[in-house]
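In the working numbering, the protein residues as written are 21 to 121.
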């Protein structure tokens with residue numbers, strides 16, 4: 021088990037920022053991991069597993085997000101969540117099914 025808090029910075033590159041669709045997808049991916057995952061934007065922090073907290077970040081296109089993960093499989097979680105953001109929330113149907121399995 022990894023108790024160390026890991027951090028990754030990613031920039032929102034999609035044209036809509038962290039809108040509802042992106043927040044739902046991000047929270048669904050985050051919930052596949054048992055570790056704690058938090059996202060900070062402009063001083064506001066959200067639990068990555070909570071859609072409404074993510075919406076509350078009001079993260080516009082071009083914003084830098086600071087992702088933090090701590091706990092079991094935190095390195096894998098941080099990588100996966102960060103990749104979803106970096107790829108502008110473009111997750112294929114197959115990848116989505118694999119995440120939810």
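Backbone N, C-alpha and C fix where the C-beta goes; we use that ideal spot for every residue, glycine too.
- Query: To which residues does DSSP link residue 77 through a beta bridge?
  - Reply: According to DSSP, residue 77 bridges with nothing at all.
- Express the C-alpha separation of residue 81 and residue 37 in angstroms, rounding to a whole number. 4 Å
- Query: Taking all protein chains shown into account, do 16 or more other C-beta atoms lie within 10 angstroms of the C-beta of residue 65, making it buried, or fewer, making it exposed?
  - Reply: exposed
- Query: When you compare each of 47, 77, 84, 93 to residue 26 by their alpha carbons, which one comes out closest?
  - Reply: 93
- Buried/exposed call for residue 40, threshold 16 Cβ in 10 Å: exposed
- Is it right to say residue 105 is buried, meaning 16 or more other beta carbons lie within 10 angstroms of its own, or is it exposed? buried
- Check whether the Cβ atoms of residue 50 and residue 79 sit closer than 8 Å, and answer yes or no. no
- Task: Classify residue 24 as helix, strand or coil using the three-state DSSP reduction.
- Result: coil
- Task: Rounded to whole angstroms, what's the CA-CA distance from residue 21 to residue 90? Just pull it up for me.
- Result: The predicted model places residue 21 with a pLDDT of 47, which falls under 50 and marks its position as unreliable; any figure quoted below should be read in that light. If you take the alpha carbons of residue 21 and residue 90, they lie about 10 Å apart.
- On the three-state DSSP scale, how would you describe residue 85? strand
- Would the beta-carbon of residue 47 fall within 8 Å of that of residue 74? yes
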